[in-house]
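Numbering (this note's numbering), first residue to last: 90 to 371. A virtual CB, placed ideally from N, CA and C, is assigned to each residue, including glycine. Since the structure is predicted, the reported quantities are computational estimates derived from the model, not experimental observations. Everything below concerns the one structure shown next.
Here you go:
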């Protein structure tokens with residue numbers, strides 16, 4: 090067996106998922122959790138080489154360069170290669186999501202260490218791992234964790250890998266809005282706080298109007314449920330969001346819903362006026 094082959098097999102073994110730890114880090118020393126892995130100081134050139142080697146290996150594992158070393162950065166990149174190859178072999182979207190849920194805990198320490206280091210130093214280096222984990226978190230419904238990683242990427246102006254064909258803000262806004270639309274179409278509720286936080290996080294970002302319209306539609310549709318449940322103040326919020334969605338994209342499909350809410354608001358207003366006793370001395 091050649092040295093290069095031995096090197097690849099060693100890292101393939103290291104890349105096997107370890108599901109013992111959850112993706113959310115516990116405080117150091119609490120509950121037997123291990124602290125986050127230390128980040129190995131690496132030059133931009135080395136990180137660039139790691140990323141390209143990892144992405145190339147997704148299609149051809151023989152392209153991994155054994156000269157990249159065996160530190161935590163290399164190990165996590167190669168773990169991602171291993172997992173992406175596994176996902177490529179799964180045809181069912183449902184099974185892909187199940188696989189991602191199983192894979193995510195293996196990245197917890199490295200991701201937490203990278204984000205923590207950036208907060209402490211104010212510096213971050215682009216890589217293919219964190220944006221990929223961000224997307225996987227959205228796929229499995231862990232929206233709060235995804236928004237935390239999105240905030241990290243936007244704060245440091247880090248790019249998405251080219252394969253996603255969207256900016257961080259556009260991807261997060263569209264994918265979360267789409268998830269909300271699916272839940273709403275099935276008669277389920279979606280976390281309004283997640284939608285509002287997504288809107289705030291991406292408010293200043295440039296993206297296609299159609300994407301932002303989807304997000305405003307999701308907010309309006311979700312708020313409309315609160316209005317219909319008796320929260321009078323929610324009528325105005327729902328109409329504002331839906332009208333904004335319509336303004337951004339006249340094909341977003343909210344005209345009928347706007348009319349329904351307007352009629353409901355008129356009925357509630359009339360009923361309130363009828364039941365309000367006249368002021369004394371009137």
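Of all C-beta pairs linking the stretch 240-254 to the stretch 265-277, fewer than three are shorter than 8 Å, placing the two stretches out of contact. DSSP places residue 242 within a helical segment (H, G or I) once states are collapsed to three. In this structure the stretch 293-301 does not touch the stretch 319-326; the number of beta carbon pairs closer than 8 Å is below three.
Using a Cβ distance threshold of 8 Å, residue 281 and residue 265 do not count as a contacting pair. Annotation: the continuous alpha helix (DSSP H) that includes residue 220 extends over 218-228.
In its chain, beyond the 5 residues on either side, 235, 264 have a beta carbon closer than 6 Å to the beta carbon of residue 227. In the three-state reduction of the DSSP assignment, residue 311 falls in the helix class. Excluding sequence positions up to five before and after residue 296, its CB lies within less than 7 Å of the CB of 256, 258, 259, 262, all in the same chain and listed in chain order. In the DSSP annotation of this structure, the continuous segment of the alpha helix (DSSP H) that includes residue 326 starts and ends at 322-337. Around the beta carbon of residue 231, 16 or more other beta carbons lie within 10 angstroms, which makes this residue buried. Per DSSP, residue 294 lies in no alpha helix (DSSP H) and is assigned neither H nor E. Residue 358 carries a helical assignment under DSSP once its states are collapsed to helix, strand and coil. Here residue 233 is exposed: its Cβ has fewer than 16 other Cβ atoms, across all protein chains shown, within 10 Å. In this chain, the alpha helix (DSSP H) harbouring residue 286 covers 281-290. Distance from residue 290 to residue 240 at the Cβ level is roughly 6 Å; contact confirmed, criterion being Cβ atoms closer than 8 Å. Inclusion of residue 219 and residue 238 in the CB contact set at 8 Å is warranted, their separation being smaller than that value. For residue 260, the uninterrupted alpha helix (DSSP H) segment begins and ends at 257-274. Note on geometry: alpha-carbon atoms of residue 339 and residue 305 lie some 13 Å from one another.
In the structure shown, the three-state DSSP call for residue 340 is coil. For residue 249, the three-state secondary structure derived from DSSP is coil. A distance below 8 Å between beta-carbons, with the five flanking residues on each side excluded, links residue 286 to the following residues of its chain, in chain order: 236. In this structure, residue 327 places its C-beta atom within 8 Å of the C-beta atom of residue 316.
By alpha-carbon distance to residue 268, the top candidate from 229, 249, 331 is 229. DSSP places residue 254 outside both helix and strand once states are collapsed to three, so it counts as coil. In this structure, residue 196 sits away from residue 224, with a CB-CB distance that is not shorter than 8 Å.
A residue is called buried once 16 or more other Cβ atoms fall within 10 Å of its Cβ, and residue 348, having fewer, is exposed.
Secondary structure at residue 231: coil, using DSSP grouped into helix, strand and coil.
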